[in-house]
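First up is the structure itself, then whatever we jot down about it.
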Amino acid sequence: MRRTHEAEGNRKIAVDVAMTALFILQMGYHMVDGLTHEWLGVALCLLFILHHALNGGWHRGLLRGKYSPQRALLTAVDVLLVLAMVAIIASSIMVSRYVFRFLDLGVRALGREMHMVSTMWGFVLTGLHLGLHWNIFLGMARRACKGKAAWAGVFPARLILAAVIFGAYQFITRGLWMELFMLRDFAFLPYGEPALLFIASYLCILALWAAATHYLGKAIRRATNRALKKGAKNL
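233 is the number that the working numbering gives to position 209 of the sequence shown; each next residue is one higher, with no gaps.
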């Protein structure tokens, strides 16, 4: 039974890692040709469907049980991410020049604006989603390191802090925040930028948003626990 749960957990994490990697590659759509970009988008869509098939319990549990502040935050982020992904898929079909060209919907201009804003919101929400599930990844890393002193050192914490700071810098200087609110008509395309630098930058941007919800979630849990302890003392 334990091995079955571990295998299922590994499958879920493998799908999540593949989705995150594909999403980052899709953000660098200027580095590949249009046909490749569209087929990678199809693959991302299929992984998104598989992700929800593997996490069917989340759908079944939406209307069950009480909603703590932590659960409310997690559910809000997840629902918004689903909506963003649906908008990305719909707008991808609208702007398609290859895979779905046969549909000829004639709404490419609308689809382009919708695609730009939904993609950036989807990317930010992916980071927020990862942050709320970060304890799962931390647990895996600790088990992999088997309590070695290297994991307990300050180096990993400093590395994460540097990534978050660099991610904030990249998010601002690239003007990505403008795409969230449709403040510019075209997405920023850093032609000539080394692929590794682009990938590292977007990984750090994900780290920025993951850190935001990870520590917000910790703060909410602490506040909830303090409120519960205070309530218990007053009984």
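Glycine included, each C-beta is placed from N, C-alpha and C at the ideal position.
Remember, predicted model here, so these are calculated numbers, not experimental data.
For residue i, which option in the options has the closest C-alpha, if you only look at C-alpha atoms?
i, options, result
"F205", "Y239, M138, R121 and L213", "M138"
"E32", "F124, L78 and N159", "L78"
"T150", "G58, L98 and V131", "L98"
"L183", "L129, D102, A235 and L213", "A235"
"L129", "M140, S116 and V141", "S116"
"V148", "G216, A192, L70 and K254", "A192"
"V119", "G80, G58 and L213", "G58"
"F210", "L185, M144, A181 and V131", "M144"
"L221", "L185, F190 and W201", "F190"
"L200", "A251, V141 and K253", "V141"
"P218", "T248, A181 and V56", "V56"
"W158", "K253, T248, R198 and W233", "W233"
"G81", "F195, A251, A186 and K36", "K36"
"R198", "K254, F212, L185 and T248", "F212"
List the whole-angstrom C-beta distance separating residue i from residue j, where the pair is believed to meet the contact cut-off of C-beta under 8 Å.
i, j, result
"A231", "V188", "5 Å"
"F72", "M51", "Contact doesn't hold; Cβ gap of about 16 Å is too wide."
"H238", "G155", "4 Å"
"L152", "V101", "5 Å"
"I112", "G146", "5 Å"
"H75", "V41", "So it is not a contact: roughly 11 Å between Cβ atoms."
"H54", "Y215", "6 Å"
Let me see if you follow: with CB-CB separation under 9 Å, is residue i close to chain B or not?
i, result
"L49", "In the structure shown, chain B cannot be found, because there is only a single protein chain."
(request) Say whether the region 217-233 touches the region 36-53, bearing in mind that this needs 3 or more beta-carbon pairs closer than 8 Å, one atom from each stretch. (result) Flag = yes, the region 217-233 and the region 36-53 touch.
(message) Closer than 8 Å is the cut-off here; do at least three beta carbon pairs connect the region 234-245 with the region 62-72?
(response) Because the criterion of three Cβ pairs below 8 Å is not met, the region 234-245 and the region 62-72 do not touch.
(message) Under 8 Å: do the region 104-123 and the region 85-94 share three or more Cβ pairs, one atom per stretch?
(response) Contact between the region 104-123 and the region 85-94 is absent, because fewer than three Cβ pairs lie under 8 Å.
(message) Please give the ranges of any alpha helix (DSSP H) in the region 37-123, keeping only runs that are unbroken, at least 4 residues long and fully inside the region.
(response) Qualifying alpha helix (DSSP H) stretches, in chain order: 58-78, 80-84 and 93-119.
(message) At 4 residues or longer, what runs of the alpha helix (DSSP H) sit wholly inside the region 184-209?
(response) Entirely contained in the region 184-209, the alpha helix (DSSP H) runs reaching 4 residues are, in chain order, 200-204.
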